[in-house]
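One structure is given here, and the rest of the page talks about it.
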Amino acid sequence: MGHQQSNLQRLASLTALFTLTLSSTSVLSDEQATMVNQLCSSCHGIINIDRSAGYSQVHWQSLISSMVKLDPNSASQISEYLANNNPPNDKRASTVVDGDIELQFTYWQVPTLGQRARDPIQGKDGIIWWVGQWGNILGRLDPKTGEMKEYPLPEGTFPHSVSLDKNLTPWFLGNKNGTVGYLDLETEKFTVFNMPDKNARDPHTGVFDDNGIFWFTLQHSNMIGQLNPINGDIKLVSLPSKKSRPYGIKLDSTGTPWVSCNGSNCLIKVDKQSMALDEIRLPGDQTHTRRLAITPDDMVFYVNSGMGKLGRYNPKTGEITQWDTPSGQYSHPYAIEYANDAIWFNESAKRPETLVRFDLKNETMQSWQIPSKDGVYSGLIRHMRMGENGLIIHQTATNQLAEVTWTQANID
2 MGHQQSNLQR
12 LASLTALFTL
22 TLSSTSVLSD
32 EQATMVNQLC
42 SSCHGIINID
52 RSAGYSQVHW
62 QSLISSMVKL
72 DPNSASQISE
82 YLANNNPPND
92 KRASTVVDGD
102 IELQFTYWQV
112 PTLGQRARDP
122 IQGKDGIIWW
132 VGQWGNILGR
142 LDPKTGEMKE
152 YPLPEGTFPH
162 SVSLDKNLTP
172 WFLGNKNGTV
182 GYLDLETEKF
192 TVFNMPDKNA
202 RDPHTGVFDD
212 NGIFWFTLQH
222 SNMIGQLNPI
232 NGDIKLVSLP
242 SKKSRPYGIK
252 LDSTGTPWVS
262 CNGSNCLIKV
272 DKQSMALDEI
282 RLPGDQTHTR
292 RLAITPDDMV
302 FYVNSGMGKL
312 GRYNPKTGEI
322 TQWDTPSGQY
332 SHPYAIEYAN
342 DAIWFNESAK
352 RPETLVRFDL
362 KNETMQSWQI
372 PSKDGVYSGL
382 IRHMRMGENG
392 LIIHQTATNQ
402 LAEVTWTQAN
412 ID
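Going by the numbering used here, the sequence shown runs without a break in its numbering and finishes at 413.
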């Protein structure tokens, strides 16, 4: 039985036991508080509760309902306990910078709770695909109708991300079983490719080039991979510095892959022919970069997650420029994307989490607190990509997908 199946069964057992316990009394004892901890820790660390922004009972109940299905009495008792012990606070308050852009959010709640929905991507046909990392799921959403379908992945896959090839076929990255694969849209069957090296354990994030080659990172394996879907040939190369932890990957206008380092202060440029690696060192020993974005003029922007900065590397001159994020050093900017003459990123360590827009023309920032579907400000965005009309994002805490669109505010 897979690890994830065991977790889900444990969660179901704890939920049932907790329901029986709460039905006998309306007062939460120390034992019942322990049950709350056990129920929550079956999916995530209790520290997530302690580090949250805190909520009212109504908002705690709404947040819980996006994670696990409880009977009304249990939900009421748990949310009351959490509200009493974790009321609203400003421990991780974000700094908001006003501006003249207004955002609109459209939300979709994925069917399977507790799956850790993430990394949504929208194809040219309008369909949005996502993966449920803890639920071992590949999901499909038609945003026009709201219809969703979930496909159980091979046991033990624990998908970290999904990418689309030129035929709009969804490819998943098996983060726990060293695989990449795709869903045949006609047969609804999976084809799976195993890594040729046992040390290549954790395919992470991927992107297709114009020739149909699939490039991907393997964070803890410290590798970058290339897969030819025609013959299944996989090539792997290790990064020059140990524990660099290659994370995000994007292509410039020439089809050259660029990779960000989550474990070190570096960016990696990959020779698309030889797979030779050029390591660019970034300033600051505390610098590490979750993800990166590349503008049409091939400027490489990155989130300096370790120091709370947005960075830009100019490949032509070698110049590196950095800007402080609105919420500062401990904001942990995470996801990043280029869209409409701006760089967008989130401040993942703040509650409420913020979405930031960096205007490329005047080099100014505007930011917004990111709500969840029912007005609960939770997090967090781990990857964002531009869709048909706006940014396609997600919230792993609430198992929600969202589209973010924007308009210029009317100024009197």
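A virtual CB, placed ideally from N, CA and C, is assigned to each residue, including glycine.
DSSP puts C262 in a beta bridge; with which residues? Here residue 262 refers to the residue found at position 261 of the sequence shown. Paired residues: P247.
Thinking just about the alpha-carbon of each residue, which of K251, E354, I50 is nearest to the one in D299? Position 298 of the sequence shown, counting from 1, holds the residue named residue 299. If we check each option's Cα against that of D299, K251 comes out closest.
Let me make sure I understand the geometry here. Which of Y108, L184, P353, P89 has the alpha-carbon closest to that of I394? Here residue 394 is taken as the residue at index 393 of the sequence shown, counted from 1. The residue with the shortest Cα to Cα distance from I394 is Y108.
Is the beta carbon of E156 less than 9 Å from the beta carbon of G133? Stepping through the sequence shown from its first residue, residue 156 is reached at position 155. Stepping through the sequence shown from its first residue, residue 133 is reached at position 132. No. Outside cutoff.
Are the beta-carbon atoms belonging to R352 and Y378 less than 9 Å from one another? Here the question's residue 352 lines up with position 351 in the sequence shown. Here the question's residue 378 lines up with position 377 in the sequence shown. Yes, Cβ-Cβ distance for R352 and Y378 is below 9 Å.
Buried or exposed for L169, going by 16 or more other Cβ atoms inside 10 Å? What you label residue 169 is simply residue 168 of the sequence shown in a count that begins at 1. Exposed.
Buried or exposed by the 16-neighbour rule on C-beta atoms within 10 Å, applied to A277: If you number the sequence shown from 1, residue 277 lands on position 276. Exposed, because fewer than 16 other Cβ atoms sit within 10 Å of the Cβ of A277.
Around the Cβ of K236, are there at least 16 other Cβ atoms within 10 angstroms (buried) or fewer (exposed)? Within the sequence shown, residue 236 is the residue found at index 235, counting from 1. Looking at its Cβ environment, which holds fewer than 16 other Cβ atoms inside 10 Å, K236 is exposed.
Sort out for me which residues DSSP pairs C267 with in a bridge. Position 266 of the sequence shown, counted from the first residue, corresponds to residue 267. Paired residue(s): R282.
Could you check the C-alpha separation between K125 and K167 for me, to the nearest Å? By 1-based counting over the sequence shown, the position of residue 125 is 124. By 1-based counting over the sequence shown, the position of residue 167 is 166. Answer to the nearest angstrom: the Cα atoms are 10 Å apart.
Burial state of V59 (16 or more Cβ within 10 Å): Here residue 59 refers to the residue found at position 58 of the sequence shown. Classification of V59: exposed, given that the 10 Å Cβ count is below 16.
By Cβ distance, which residues of its chain are closer than 7 Å to L29, with the 5 residues on each side in sequence left out? Walking along the sequence shown from the start, residue 29 turns up at place 28. Interpretation of L29 is limited by its pLDDT of 48, a score under 50 that renders its predicted location unreliable; no figure is taken from the coordinates.
Report yes if the CB atom of S67 is closer than 9 Å to the CB atom of A76, and no otherwise. The residue given as residue 67 occupies position 66 in the sequence shown. The residue given as residue 76 occupies position 75 in the sequence shown. Not in contact: S67 and A76 (Cβ atoms no closer than 9 Å).
Are the beta-carbon atoms belonging to G312 and Y331 less than 9 Å from one another? Your numbering for residue 312 matches position 311 in the sequence shown. Your numbering for residue 331 matches position 330 in the sequence shown. In this structure, G312 keeps its C-beta atom at 9 Å or more from the C-beta atom of Y331.
Buried or exposed: which applies to Q415, given that a residue is buried once 16 or more other Cβ atoms fall within 10 Å of its Cβ? With the chain covering 2 to 413 only, the question about residue 415 has no answer from this structure.
Compare the C-alpha of D146 against each of T158, G127, G388 and name the closest. Reading the sequence shown from its first residue, position 145 is the one you call residue 146. Reading off the sequence, residue 146 comes out as Thr, not Asp. Comparing Cα-Cα distances from T146 to each of T158, G127, G388, the minimum goes to G127.
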